[in-house]
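Structure first, then comments.
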Amino acid sequence: MSWRRRSPALAEIIEMSLNLEQASDIVERMGSEIADKSLAARRAFSVEGLKELDALYDLLLSNLQLAMSVFFSSDVPSARRLRRSKHRFRILNRRYSHAHVDRLHQQNVQSIETSTLHLALLGI
1 MSWRRRSPAL
11 AEIIEMSLNL
21 EQASDIVERM
31 GSEIADKSLA
41 ARRAFSVEGL
51 KELDALYDLL
61 LSNLQLAMSV
71 FFSSDVPSAR
81 RLRRSKHRFR
91 ILNRRYSHAH
101 VDRLHQQNVQ
111 SIETSTLHLA
121 LLGI
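Quick note: the sequence shown, position 88, residue 88 per our numbering, numbers continuous.
Structural data, given as structure tokens:
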């Protein structure tokens, strides 16, 4: 196969690599910043809030693995699963954001103390 015929595929691979590197830099920076602030303030997330963040993190990792699989295999059923899973992630993110606000209304001290960090992790 000639270089010109492979060029679009190589460009896609390079673009995917750059996007992954950028995403990992953002996640690392956010994680470090949040950990530093949390440790400095000696604050802990509420049990419910931590469970929600863990669930989103697990789904995010699963989506990343599936996205890589779809990228390399071009498998249409997997791409559809990824689309559904990304939609589920957005729904859970919204639901957990509302749950956090509910905990604030209930005057949950841990939720109040970690609200800025919690909302930053949820991307709000």
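Don't be surprised by glycine CBs; every beta carbon is placed ideally from N, CA and C.
Decide if H105 is buried, meaning its Cβ has at least 16 other Cβ atoms within 10 Å, or exposed. With fewer than 16 other Cβ atoms from the protein chains shown falling within 10 Å of its own Cβ, H105 counts as exposed.
Own chain partners of I112 with C-beta closer than 8 Å, once the 5 adjacent residues on each side are dropped: L104
Taking only three categories from DSSP, how would you classify S7? helix
CA-to-CA distance, S85 to L59, given in whole angstroms: 8 Å
D25 - DSSP class collapsed to helix/strand/coil: If DSSP states are grouped into helix, strand and coil, D25 belongs with the helices.
Selected residue, minimal CA-CA separation from R83, among L64, L122 and F72: L64
Kindly indicate if chain B contains any beta-carbon less than 8 Å away from that of A9. Here chain B cannot be found, since the structure has a single protein chain.
Pull up the CB-CB distance for E28 and Y96, whole angstroms please, since I reckon it's below 8 Å. With 8 Å as the limit, E28 and Y96 do not qualify as a contact, their Cβ atoms being about 22 Å apart.
Identify, in the order they occur along the chain, each residue of the same chain with its Cβ nearer than 8 Å to the Cβ of S62, setting aside the five sequence neighbours on each side. S85
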